[in-house]
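2 protein chains.
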Amino acid sequence: MFNREVKDTQYKRGETIFLPGDPSDAVYFVKMGRVKLSHRDKSGKSVTIRVCEPGEPFGEMAAMGEESRSLQATALDDVWLCWVGRERFVRFAETHPQITLRIAKLIGLHRRELENRLEEMLFLDVPTRLARTLVKLADQHGREVEGGVQLRIRITHRELGDLIGATRETTTATMNRFQRDGIVGRERGKLLIAAPERLQELAKG
Amino acid sequence: MFNREVKDTQYKRGETIFLPGDPSDAVYFVKMGRVKLSHRDKSGKSVTIRVCEPGEPFGEMAAMGEESRSLQATALDDVWLCWVGRERFVRFAETHPQITLRIAKLIGLHRRELENRLEEMLFLDVPTRLARTLVKLADQHGREVEGGVQLRIRITHRELGDLIGATRETTTATMNRFQRDGIVGRERGKLLIAAPERLQELAKG
Chain A
33 MFNREVKDTQ YKRGETIFLP GDPSDAVYFV KMGRVKLSHR DKSGKSVTIR VCEPGEPFGE
93 MAAMGEESRS LQATALDDVW LCWVGRERFV RFAETHPQIT LRIAKLIGLH RRELENRLEE
153 MLFLDVPTRL ARTLVKLADQ HGREVEGGVQ LRIRITHREL GDLIGATRET TTATMNRFQR
213 DGIVGRERGK LLIAAPERLQ ELAKG
Chain B
33 MFNREVKDTQ YKRGETIFLP GDPSDAVYFV KMGRVKLSHR DKSGKSVTIR VCEPGEPFGE
93 MAAMGEESRS LQATALDDVW LCWVGRERFV RFAETHPQIT LRIAKLIGLH RRELENRLEE
153 MLFLDVPTRL ARTLVKLADQ HGREVEGGVQ LRIRITHREL GDLIGATRET TTATMNRFQR
213 DGIVGRERGK LLIAAPERLQ ELAKG
């Protein structure tokens, strides 16, 4: 849509794309891989706000007058991004009001997701939150294999913990319990949901 | 701006304006009083997502293609609202793209507030969350009186609990502790912040 104004860029898994306080000078789109947006407090504790999948924009508040980033963006895989400079994006949106409407809808969707997560954090215990997150990951990134559903992505216990608002230790203990109960397992280093129906049941809380 | 298309309506303190699942057929603006937007789970537990003050819109996702309400809207005071039907609002926004941009900015601001609250819920204890909320309320609704800062609005312990994600019982216990420590008090039925500096200190966590 912008042709020459769209730039490509790549990051390795684990690399930082921007940090809180960096100038909000571009809108990004994920072409390949996943990008984690997170909050980190002074003591280093971190919570994942959202994981952006291919096709999704991030940093879009740059186009809404935001001066500096409020979140950290980190490559969860080797990622391929494209980006448009803030001024160019704003000029484009001025003549294409549908773009602003689409972004407003997307931000509204994220807002609703956060409302739901806030409710989950308050009212659901860790095993239920973990089960819900695993169900969601299996929907997005699972493939059916012999013995269950295997996640195509790598995810650490710390990353799972940041998604559900639990420490790495609590997450590991809960995953171990799920494993002892035969609900999850490992298959060639990747997470296997061995009993998807029982996980669904746990996710109901 | 819409003249004859803008309708007025009033609700008494405690009345429901809309419920989750109701059709999203209008965008509202608060003219007087405050409106609480909340989530309620099946067991009746509730969390306040946002309190809308005079001048603020709510239910604006109606203009972004939302079919039905996801939150409950309740009058926190006797309120005076005006509202515009969804179709009329969308037609107006199509010829006034700045409206969509302003709403997108507002939704983005709410999203950021929710991100911060999610972090607070995860990393801060109840006394710190309560202190932060009281500081915010004093900023928005306080007036200096002899002996401290008095809140002009009425707020119950349950309402405070819903704001910070704590039960009514825990909130009351924490407020009692603040009262014993001489940080808060009651003055003619309204909450008095007797030691604003100490409250600020507690809010740092």
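Read top to bottom, the protein sequences are chains A and B.
Add 32 to a position in the first sequence, counting from 1, and you land on the number used in this note's numbering.
Add 32 to a position in the second sequence, counting from 1, and you land on the number used in this note's numbering.
A virtual CB, placed ideally from N, CA and C, is assigned to each residue, including glycine.
For clarity, every value in this text was computed on a predicted model and none was experimentally measured.
Between B:P228 and B:V181, the alpha-carbon positions lie close to 7 Å from each other.
According to DSSP, residue pairing for A:K44 in a beta bridge does not occur. Taking a Cβ-Cβ threshold of 7 Å, the residues of chain A close to B:P129 are P129, T132, in chain order.
Per DSSP, reduced to three states, the secondary structure at B:E92 is helical. Taking A:P52 as reference, the option from B:E126, B:R144, B:I215, B:I49 with the minimal CA-CA separation is B:R144. Between B:A163 and B:A107, the C-beta gap is not smaller than 8 Å, which leaves the two residues out of contact.
Taking 8 Å as the cut-off, the Cβ atoms of B:G214 and B:L224 do not count as close. Under the 8 Å criterion on CB atoms, A:K168 is classed as non-interfacial with respect to chain B. Taking a C-beta cut-off of 7 Å against chain A, the contacting residues of the stretch 69-98 of chain B are H71, D73, K77, V79, I81, M93, M96, G97, listed in chain order.
Chain-order list of chain B residues neighbouring A:R184: empty, with the shortest C-beta distance near 27 Å, by a criterion of under 8 Å. Within chain A, the residues placing a beta-carbon under 7 Å from that of B:A136 are M96, T132, I135, A136, I139, ordered along the chain. In this structure, the alpha-carbon of B:D40 lies about 12 Å from that of B:V59. The DSSP-derived three-state label of B:T203 is helix. Closest option to A:K137, judged by alpha-carbon separation, among A:L156, A:E92, A:G193, A:G97: A:E92. Counting other Cβ atoms within 10 Å of its Cβ, B:G174 reaches 16 or more and is therefore classed as buried. The beta carbon of B:F61 sits no closer than 8 Å to any beta carbon of chain A. The stretch 111-121 of chain B makes contact with the stretch 61-69 of chain B: 3 or more CB pairs, one atom from each, lie closer than 8 Å. Contact annotation: the stretch 120-130 of chain A does not touch the stretch 68-85 of chain A, with fewer than three C-beta pairs closer than 8 Å. B:Q104 and B:D54 have their C-alpha atoms roughly 9 Å apart.
Chain B has no Cβ within less than 8 Å of the Cβ of A:H173.
In the three-state DSSP reduction, A:G140 falls in the helix class (H, G or I). Apart from sequence neighbours up to five positions away, the residues of its chain that approach A:G179 with a beta-carbon distance below 8 Å are G217, E219, L224, A226, ordered along the chain. In this model, B:G140 and A:P89 are separated by some 14 Å (Cα to Cα). Residues of the same chain with a CB within less than 8 Å of the CB of B:R184, apart from the 5 flanking positions on each side, are H173, G174, R175, K222 in chain order. With contacts defined by Cβ atoms closer than 8 Å, B:R186 and B:G193 do not form a contacting pair. Annotation: B:F50 has no Cβ neighbours in chain A at a cutoff of 8 Å; minimum Cβ distance is about 15 Å. At a Cβ-Cβ threshold of 8 Å, B:T132 and A:T206 do not count as neighbours. Contacts between A:R149 and chain B, judged by CB atoms closer than 7 Å, involve L150 in chain order. For A:L154, the neighbours in chain B by C-beta distance under 8 Å run, in chain order, K77, V79, M153, G197. The beta carbon of B:S102 falls within 8 Å of a beta carbon belonging to chain A, placing the residue at that interface. B:Q42 and B:F50 have their C-alpha atoms spaced approximately 13 Å apart. Judged by beta-carbon spacing, A:H189 lies beyond the 8 Å limit of B:E147, meaning their Cβ atoms are not closer than that value. Listed as beta-bridge partners of A:L183 by DSSP are A:G174.
Boundaries of the beta strand (DSSP E) harbouring B:L224: 222-225, taken from the DSSP string. Boundaries for B:R66: no beta strand (DSSP E) harbours it, and the DSSP string shows neither H nor E there. Straight across, the Cα-Cα distance linking B:G97 with B:R230 is about 46 Å.
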